[in-house]
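Q: The structure's right below; bear with me while I get my questions together.
Protein chains in written order, with the working numbering: chain A, 3 to 298; chain B, 4 to 183.
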């Protein structure tokens, strides 16, 4: 009997000893296995909140003020006398602010038709993996623009309601890989006053855009907003190609586009340039972020 | 005599099993001091194990769990420097150097730890002094050391040379309050 007890005791303690000698690799492996997979949200689908003229699925961080200064020069086909468009510039300056991680607001003023604009961007879904899986990021961007350029026709009243534009945009984006992101942007534009009786008040466009990184800090972007259905007479679809260059807190965006407008209502519904005819405008956006709010 | 043996073996068994401890919420911070900018970040989800007898120490650190004051910095840290989608974790496997103090007794101990640090896909051997404080049988390990970013193939572009230091200070603070 005693022998049996001794045997049991011996075997138990040997068991324990052998357990003690296995290193902590097993323990670490076990810990990592037990650790419930957390939801990992995809970040940096695009480098900044604008692709070229329009929005991306990105939001400004909470408490971050993003000052954006954008220029579109004149048309390249203006020739040497206008220094291929560089003598003229259409510009917009704007301030974007992140209220929360998922809600940002922005205001701006464009020289194009002396327009003031404001928008909200609300992230409804965030692409993620891990515990909660979500294949896409979905954002909703309602925007309003007020043209303050007076109408040439004295018969048209300059009252504010005649000069208002509204835009509602959904952005569905996905980061497919480290370097490749695509998004589609169905957009609805309403102009309170149509210039001609044959011009529509409501315009719908199905935008598509994407980026491909060329290096860690440089990417090439394409953005195209084809109008579907009725369009304002004589207008074309906005098509832009550009580069993002990021350096610390700055993002420089250099691009070629066929529109001088930088708000949804202007570049989607009022573009008149044709790439084929050389109505190409060189432009840039500069973004600089400032941390003004507290981040927890 | 036999009874004594049994007791000895049983005792050995119990004391041996109580010598591995771990934590899932250790802290690792880093500090970069460059002429134009000071950058700090902290990670509170560090997993670490310590075998008090063999002196083996391991760390597993999720890169995305480092949080910065500025959200854009956090994005750049993951995107441009650590490439955390390619290298999601940093790990360390090492040993306390001999002689290993008796960590079952309360007290303050200074030890040397050396082992392999894997960061950004590059493994390097590092050695660092550390302090271990044992109170009520629970060990708290602390260490500060610095690493040179170039050693781990983390490159700093010239344009931000004055914003990011070439060597960063790493501070580790883990309370091994869980046993197994």
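Even glycine gets a Cβ: it sits at the ideal position worked out from N, Cα and C.
#1: Can you grab the Cα-Cα spacing for the pair residue 65 of chain B / residue 116 of chain B, in whole Å?
#2: Rounded to the nearest angstrom, what separates residue 88 of chain B and residue 82 of chain B at their Cα positions?
#3: What are the start and end residues of the beta strand (DSSP E) that includes residue 245 of chain A?
#4: Quick one: using the 10 Å Cβ neighbour count with 16 as the cut-off for buried, is residue 80 of chain B buried or exposed?
#5: To the nearest angstrom, how far is it from the Cα of residue 195 of chain A to the Cα of residue 271 of chain A?
#6: Could you run through the stretch 72-88 of chain B and flag, in chain order, every residue whose CB is less than 7 Å away from some CB of chain A?
#7: Using a Cβ distance threshold of 8 Å, determine whether the stretch 166-177 of chain B contacts the stretch 26-42 of chain B, with at least three qualifying pairs required.
#8: Using DSSP bridges, identify the partner residues of residue 34 of chain B.
#9: Where does residue 219 of chain A fall in DSSP's three states?
#10: Does the distance from the C-beta atom of residue 177 of chain A to that of residue 44 of chain A stay below 7 Å?
#11: Using beta carbons (cut-off 7 Å, strictly below), is residue 55 of chain A in contact with chain B?
#12: Does any C-beta atom of chain B lie closer than 7 Å to the C-beta of residue 180 of chain A?
#13: Assuming the contact rule is C-beta atoms closer than 8 Å, residue 267 of chain A and residue 169 of chain A should be a hit. Round their C-beta distance to whole Å, please.
#14: Is the stretch 274-292 of chain A in contact with the stretch 255-262 of chain A, if contact means three or more CB pairs nearer than 8 Å?
#15: What residues in its chain sit with their C-beta under 6 Å from that of residue 71 of chain B, if we drop five residues either side in the sequence?
#16: Compare the C-alpha of residue 139 of chain A against each of A:61, A:235, A:232, A:294 and name the closest.
#17: Quick one: using the 10 Å Cβ neighbour count with 16 as the cut-off for buried, is residue 73 of chain A buried or exposed?
#18: Can you find a C-beta in chain A that's less than 7 Å from the C-beta of residue 163 of chain B?
#19: Could you tell me which residues DSSP pairs with residue 146 of chain B in its beta bridges?
#20: Show which residues of chain B have a CB atom less than 8 Å away from the CB atom of residue 250 of chain A.
#21: Per DSSP, what kind of secondary structure is residue 180 of chain B in: helix, strand or coil?
#22: I'd like the span of the beta strand (DSSP E) that includes residue 76 of chain B, first residue to last.
#23: For residue 87 of chain A and residue 76 of chain A, which I take to be in contact (beta-carbon distance under 8 Å), what is that distance rounded to the nearest angstrom?
#24: What are the boundary residues of the alpha helix (DSSP H) that includes residue 268 of chain A?
#25: Please state the DSSP three-state secondary structure of residue 115 of chain B.
#26: So with CB distances below 7 Å, who are the chain B contacts of residue 58 of chain A?
A: In this structure, then:
#1: Taking the second chain and counting its residues from 1, the one referred to as residue 65 of chain B is at position 62. Taking the second chain and counting its residues from 1, the one referred to as residue 116 of chain B is at position 113. The straight-line gap from Cα to Cα measures roughly 21 Å.
#2: Residue numbering aside, residue 88 of chain B sits at position 85 when the second chain is read from its first letter. Residue numbering aside, residue 82 of chain B sits at position 79 when the second chain is read from its first letter. Answer to the nearest angstrom: the Cα atoms are 8 Å apart.
#3: Numbered from 1 along the first chain, position 243 holds the residue referred to as residue 245 of chain A. From DSSP, the beta strand (DSSP E) with residue 245 of chain A extends over 240-249.
#4: Residue numbering aside, residue 80 of chain B sits at position 77 when the second chain is read from its first letter. When all chains shown are included, residue 80 of chain B counts as buried.
#5: Locating residue 195 of chain A in the first chain gives position 193, where the first residue counts as 1. Locating residue 271 of chain A in the first chain gives position 269, where the first residue counts as 1. Computed Cα separation, rounded: 13 Å.
#6: 72, 73, 74, 75, 78, 81, 82, 83, 88
#7: yes
#8: As a working mapping, residue 34 of chain B is identified with position 31 in the second chain. Paired residue(s): B:43, B:172.
#9: Your numbering for residue 219 of chain A matches position 217 in the first chain. Here residue 219 of chain A sits in coil by DSSP.
#10: Sequence index remark: in the first chain, residue 177 of chain A carries index 175 (1-based). Sequence index remark: in the first chain, residue 44 of chain A carries index 42 (1-based). Yes, the Cβ-Cβ distance between residue 177 of chain A and residue 44 of chain A is below 7 Å.
#11: The count along the first chain starts at 1 and reaches residue 55 of chain A at position 53. So, not an interface residue.
#12: On the first chain, position 178 is the one that residue 180 of chain A refers to. Answer yes: the Cβ-Cβ gap between residue 180 of chain A and chain B drops below 7 Å somewhere.
#13: The residue given as residue 267 of chain A occupies position 265 in the first chain. The residue given as residue 169 of chain A occupies position 167 in the first chain. 6 Å between Cβ atoms; contact.
#14: yes
#15: Position 68 of the second chain, counted from the first residue, corresponds to residue 71 of chain B. For residue 71 of chain B, where only same-chain residues beyond five positions count, the Cβ hits under 6 Å are 44, 77.
#16: The residue labelled residue 139 of chain A in the question sits at position 137 within the first chain. Here the closest residue by C-alpha is A:61.
#17: Within the first chain, numbered from 1, the residue matching residue 73 of chain A stands at position 71. Buried, since its Cβ has 16 or more Cβ neighbours within 10 Å.
#18: For the purposes of this step, residue 163 of chain B is identified with residue 160 of the second chain, where counting begins at 1. Taking Cβ atoms only, chain A reaches closer than 7 Å to residue 163 of chain B, which makes this a yes.
#19: In the second chain, residue 146 of chain B corresponds to position 143, counting from 1. DSSP, once it has assigned bridges, lists B:175 as partnering residue 146 of chain B.
#20: The sequence position of residue 250 of chain A within the first chain is 248, counting from 1. Ordered by position in chain B, the residues that pass the 8 Å Cβ test against residue 250 of chain A are 79, 162, 163, 166.
#21: By 1-based counting over the second chain, the position of residue 180 of chain B is 177. Residue state, collapsed to three classes: coil.
#22: In the second chain, counting from the first residue as 1, residue 76 of chain B sits at position 73. Per DSSP, residue 76 of chain B belongs to no beta strand (DSSP E); it is in the alpha helix (DSSP H), 74-79.
#23: Translated into positions along the first chain, residue 87 of chain A becomes position 85. Translated into positions along the first chain, residue 76 of chain A becomes position 74. At roughly 3 Å, the Cβ-Cβ gap stays under 8 Å, so residue 87 of chain A and residue 76 of chain A are in contact.
#24: Taking the first residue of the first chain as 1, we reach residue 268 of chain A at position 266. Residues 266-271.
#25: In the second chain, counting from the first residue as 1, residue 115 of chain B sits at position 112. Residue 115 of chain B falls in the strand class under three-state DSSP.
#26: Mapped onto the first chain, residue 58 of chain A falls at position 56. What residue 58 of chain A touches in chain B: nothing, since even the nearest Cβ is about 14 Å away.
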